[in-house]
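First up is the structure itself, then whatever we jot down about it.
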Amino acid sequence: MPKQHHKKAFVIPYPQYKGHVCCYNFDHHVVYLTDENGAFAKKYKKLSDTPEAAGDWALDQNYEVFLQKPALVRNGIEPDPKDSSQWSAYKENDRRLNQRTTFEDIKR
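Listed below in structure tokens is the structure:
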């Protein structure tokens, strides 16, 4: 029986690898999916202003999601999907913690 490919998604800010020293705000975030060898294979540009929002999209697609650590983004470290020290896991419980309150919710 062939080995099952584990579905992993990695969220990286865009413009890619160009973090600023004191900033973690980007126009949007890119979701990279890995191939069976663990290398970046497919790229999805998801328009979102936070890595969590892009991570939510990947969770909806049933991927195991990892966000690039902010310190590495700020220092311009090129992401490596095989280096687990560069990533923090983003799970379903994190989605609930990061849900935003809308203006409509505040007015109620």
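Residue numbers (our numbering): 607 to 714. We treat Cβ as the ideally placed atom computed from N, Cα and C, and that holds for glycine.
Cα-Cα separation between residue i and residue j, rounded to whole angstroms
| i | j | result |
| --- | --- | --- |
| Glu698 | Tyr669 | 11 Å |
| Asp662 | Arg701 | 6 Å |
| Asn681 | Trp693 | 14 Å |
| Tyr630 | Lys675 | In this prediction, Tyr630 has a pLDDT of 49, which is less than 50 and means its spatial position is unreliable; what the coordinates show is noted afterwards. If you take the alpha carbons of Tyr630 and Lys675, they lie about 10 Å apart. |
| Ala695 | Leu665 | 11 Å |
| Pro608 | Glu642 | Bear in mind that the predicted position of Pro608 carries a pLDDT of just 46, short of 50, making it too unreliable to give a figure here. |
| Glu658 | Gln667 | 14 Å |
Residue i vs residue j beta-carbon contact at 7 Å
| i | j | result |
| --- | --- | --- |
| Leu673 | Val617 | yes |
| Glu635 | Ala615 | One point to set straight first is that residue 635 is His, not Glu, in the sequence displayed. No, they are not a contact pair. |
| Tyr650 | Val637 | yes |
| Gly644 | Lys613 | no |
Coil, strand or helix - residue i by DSSP
| i | result |
| --- | --- |
| Pro685 | coil |
Residue i versus the options, residue with shortest Cα-Cα distance
| i | options | result |
| --- | --- | --- |
| Pro619 | Ile683, Ser690, Ser691 | Ile683 |
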